[in-house]
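Enquirer: Submitted below is the structure of interest, expressed as structure tokens.
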Amino acid sequence: MKFPVEKLPNIEFKLDEPLSKYTFTKTGGNADVLAFPKTREELVEIVDTARVNKIHITIIGNASNLIIKDGGIRGIVIILPNFHKIEVSETKVTAEAGATIINTTIVAQKAGLTGIEFAAGIPGSVGGAVFMNAGAYGGEVKDVFESAEVLLPDGHITTLSHDDMKFSYRHSTVQDDGGIVISATFALNRGKKEVIQEEMDRLNELRRSKQPLEYPSCGSVFKRPKGHFTGPLIIRAGLQGKILGGAQVSMKHAGFIVNIKHATATDYMNLIHLIQKTVKEKFDVELQTEVRIIGEDKK
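Position 262 of the sequence shown, counting from 1, maps to 262 under UniProt numbering, and the rest follow consecutively.
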């Protein structure tokens, strides 16, 4: 069943919309319906309408650590760029799900709040960062997370605490229960603005020097296997620089796959599978994907 957009005339929808326009890899098939709610009320209306009509909902954030397959996504896809407000109260920062985690760190720095500098270069949205417990350079969202407003599949909005989220490596409970993060509050500490900025600058320079930011990518593709580092494993397997279609194992950081020439999601998937197969054969190490992979294969 198609989502009945005519029943919600005040909400912005795009039909048969190419999702490659919204992903960092610049790949992905079309969404049957893509929704851009402007308010919580509109978001609830969409979820309620989908539930009544038994239509599958997919929410995508900044799509920075995401591969959408070339067959696209059935049902309705929701994206939240209109949810971008960031507020400071004492030593807490509350950001809506569509705000970028980078902008959240900038607001924190300007308020003289420290603790979230590790996220200064993470390109995802706040909702996506909470969803996957994003992390970098020794820090994770769980380290500063206090609570989140979450829209549950039954249409009710609730507040989930740190304990409720059951954070683990690149995982939170909202991945399991289908909840949609609306906003998140981070508990920080007071610090010196110049010291905070220096640390953010240091981490961003480290990111620029080590990661292939000059090409479209989905970020770090694989979780770190216990006792190993992913990049060196891939290099030792002889796969750095390997190209399938338009996708390449980055020459700058072997843990990244970059889009060098009109790659498709299938190119990405084929290269991921080749890496997993080769590393398993050579070193008996199973690489699990950190990148979220959703959608349908192209028929």
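Where is the CB? At the ideal position from N, CA and C, for every residue including glycine.
#1: Around the C-beta of Asp-70, are 16 or more other C-beta atoms found within 10 angstroms, so that it is buried, or is it exposed?
#2: Using 8 Å as the cut-off, can you tell me whether the stretch 217–237 makes contact with the stretch 271–284, which would need three or more C-beta pairs spanning the two stretches below that distance?
#3: Exposed or buried, Pro-216, counting other C-beta atoms within 10 Å across all chains shown (16 or more means buried)?
#4: In terms of DSSP beta bridges, what is His-84 paired with?
#5: If we ignore side chains and look at the alpha-carbon of each, how far apart do Asp-267 and Lys-252 end up?
#6: Please check the pair Ala-237 and Ala-263, which I expect to be a contact at CB under 8 Å, by giving their CB distance rounded to whole angstroms.
#7: Hey, how far is the Cα of Ile-243 from the Cα of Lys-14?
#8: Note down, in chain order, each residue of its chain lying with its Cβ closer than 7 Å to the Cβ of His-228, except the 5 sequence neighbours on either side.
#9: Compare the beta carbon distance of Ile-67 and Ile-234 with 7 Å and say whether it is the shorter of the two.
#10: With distance defined between alpha-carbon atoms, name the residue in Lys-193, Ile-102 and Gln-109 nearest to Ala-119.
#11: Considering Ile-79, what are the terminal residues of the beta strand (DSSP E) in which it resides?
#12: Can you list, in chain order, the residues of its chain whose CB lies under 8 Å from that of Lys-280, leaving out five sequence neighbours each side?
#13: Do Ala-187 and Lys-92 have their C-beta atoms within less than 7 Å of each other?
#14: For a test of the three-state rule: what should DSSP assign to Pro-225, helix, strand or coil?
#15: Kindly confirm or deny that the stretch 33–46 and the stretch 149–164 touch, where touching means at least three C-beta pairs closer than 8 Å.
#16: Does the contact criterion of 3 or more C-beta pairs under 8 Å hold for the stretch 162–172 versus the stretch 79–96?
#17: Can you grab the Cα-Cα spacing for the pair Val-144 / Lys-110, in whole Å?
#18: Find out if the Cβ-Cβ distance for the pair Ser-161, Ser-147 is shorter than 7 Å.
#19: Take His-56 and list the residues in its own chain whose beta-carbon comes closer than 6 Å to its own, dropping the five residues that flank it on each side.
#20: Taking the alpha-carbon positions, what's the Arg-51 to Val-5 distance?
#21: If we call anything under 7 Å between Cβ atoms a contact, is Gly-128 one with Gly-191?
Expert: Straight from the coordinates:
#1: buried
#2: yes
#3: buried
#4: Looking at the DSSP assignment, His-84 forms no beta bridge with any residue, so it has no partner.
#5: 19 Å
#6: That belief does not hold up - the Cβ atoms of Ala-237 and Ala-263 are roughly 21 Å apart, past 8 Å.
#7: 34 Å
#8: Val-285
#9: no
#10: Ile-102
#11: 73–79
#12: Glu-286 and Leu-287
#13: yes
#14: coil
#15: yes
#16: no
#17: 17 Å
#18: yes
#19: Gly-75
#20: 14 Å
#21: no
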